[in-house]
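A quick write-up on the structure given underneath.
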Amino acid sequence: MDPRIRPLPARHARREEGDPRPRRLRALDRRLHARPAALRPGLRAGRALSLRGARLLIDLPRTASTVIVGGGIVGVAAAFFLGERGETDVLLLERDRLGAGTTKGGLGGIRHQFVDELDVRLSQLATTFWREFEERTGSRHDFAERGYLFVAETEEGMAQLRGPLALYERLGVPVEMVDRIRIRELVPGMRVDDLRGGRFCERDGYGDPLAALAGLGAAARLAGAHLVEGAAVTALLREGDRVIGVRTAHGDVRSERVLVATGCWTAALCATAAVSVPIWAYRRSIMESGPLPALMKIPLVGRKDRPLRQPPTPPRSRRSRCRRRSSRGSARGRRGAIPRSPICGSSTRGPVTTR
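To convert, count from 1 in the sequence shown and add 3; that's the working numbering.
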């Protein structure tokens, strides 16, 4: 994390709203379509129905049992799980297009290696769900369990890696401490002479956020949820100590529950109901290339005592290669915003305070 980055106030000039459109958006639209329940096992049968044209609600309902604000992976997943529980009066409101916020820039990492017990337990439940994704949603999603490897150069870093081992053992998470020989086996070609060791979990991995969102969205619609694009929520409606609905440009919607799943933009929206949430936007850039067979089976690698990085000024030859590859189209870049909190790497949860 860049130490110069600080929390940004609402409506800051950097404006995360200015981020480019998500990648593969047309493919996402094609996959977000209704499929009859009888065709779920087959998945590939049936006629695609565009979400944008067919289900875009101009006249919003005035009431809903649950209103979900935000059409990223979190909001759409919430609509899906509510549908699994039998709730059909679910209204999801997305100001832009589904997946156009943080989800478009997500790496899709799924890992157990947290220091908080609740985060670890949530990851265990999530891993089980991703393995059953096709069976439960009727859509395909490739969950690659390649593992996460954290390495350290110092004894202090190694001590941090060993810290939660007792927690992992108690919860049954298959984590192992590894030496330089094992690291070289896991990541062939990696320089290890300056490392003290590392920590590896084979059940960690990654998926495709947009592919997952498409499958969850299609299944949520089949269960009766209304997913509405182009409907920006401008404020939360509060009555006493309760939030009773939302305000949009198309009118107010009253509801029994409001789930705010707006990621980086949560603080500004919750402030309209006098609720303080310590979340802010943090920019991230990603370079993508075509498939590289030699790298497809290695674990994701992170450094515990400091981030993986290259020198501030890379060799000129390396910069030239990057420019040449970018100009040939063999690499493409995308950028987005991810939510940050005072405790980075842990989920933001717990009771909110009002003023």
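Quick reminder that beta carbons are idealized off the backbone N, C-alpha and C, glycines included.
Query, Result
"Residue 75, buried or exposed, once every other Cβ within 10 Å from all chains shown has been counted against 16", "buried"
"Cutoff 8 Å; reference residue 120; Cβ partners in own chain excluding five residues on either side", "170 and 174"
"Option in 154, 113, 163 and 258 with minimal Cα separation from residue 193", "154"
"Those residues which DSSP pairs with residue 249 across a bridge", "239 and 256"
"Cα-Cα separation between residue 162 and residue 180, rounded to whole angstroms", "11 Å"
"Cβ pair residue 209, residue 305 closer than 9 Å", "no"
"Burial state of residue 295, where buried means 16 or more other Cβ atoms lie within 10 Å", "exposed"
"Where residue 200 falls, given that 16 or more other Cβ within 10 Å makes a residue buried", "buried"
"Endpoints, the alpha helix (DSSP H) within which residue 82 is located", "76-87"
"Cβ contact (3+ pairs, closer than 8 Å) linking the segment 218-230 and the segment 77-94", "yes"
"Residue range of the unbroken beta strand (DSSP E) whose run includes residue 71", "66-72"
"Residue 168, DSSP secondary structure in three states", "helix"
"The segment 233-244 contacting the segment 211-223, beta-carbon criterion three pairs below 8 Å", "no"
"Nonlocal neighbours in the same chain, by C-beta distance under 8 Å from residue 258, ignoring five residues either side", "66, 67, 68, 69, 70, 94, 247, 248 and 249"
"Limits of the unbroken beta strand (DSSP E) element including residue 204", "200-204"
"Residue interval of the alpha helix (DSSP H) (run including residue 117)", "No alpha helix (DSSP H) holds residue 117; DSSP gives it neither H nor E."
"Rounded straight-line distance, which links the Cα of residue 100 to that of residue 230", "10 Å"
"Neighbourhood of residue 252 by C-beta distance below 8 Å, restricted to the same chain and skipping five residues each side", "234, 235 and 237"
"C-beta atoms of residue 268 and residue 104 nearer than 9 Å", "yes"
"Where the beta strand (DSSP E) through residue 138 begins and ends", "First-last for residue 138: 136-140, but that is the alpha helix (DSSP H), not the beta strand (DSSP E)."
"Residue 387 burial status per 10 Å Cβ neighbour count (16 or more: buried)", "Residue 387 lies beyond the stretch modelled for the chain, which goes from 4 to 358, so this question has no answer here."
"C-beta contact flag for residue 254 and residue 142 at 9 Å", "no"
"Own chain partners of residue 190 with C-beta closer than 8 Å, once the 5 adjacent residues on each side are dropped", "152, 301, 302 and 304"
"Start-to-end residues for the alpha helix (DSSP H) that takes in residue 188", "183-189"
"Beta-bridge partners of residue 113, as assigned by DSSP", "208"
"Coarse secondary structure for residue 193, derived from DSSP in three states", "coil"
"As assigned by DSSP and simplified to three states, the class of residue 305", "strand"
"Residue from 242, 147, 260 and 211 whose Cα sits closest to the Cα of residue 275", "242"
"Residue 266 burial status per 10 Å Cβ neighbour count (16 or more: buried)", "buried"
"Residue from 213, 279, 256 and 278 with nearest C-alpha to residue 64", "256"
"Residue burial classification, residue 98 (beta-carbon count within 10 angstroms, cutoff 16)", "buried"
"Sequence-distant residues of the same chain with beta carbon closer than 8 Å to residue 87, five excluded per side", "139 and 226"
"Bridge partner(s) assigned by DSSP for residue 180", "202"
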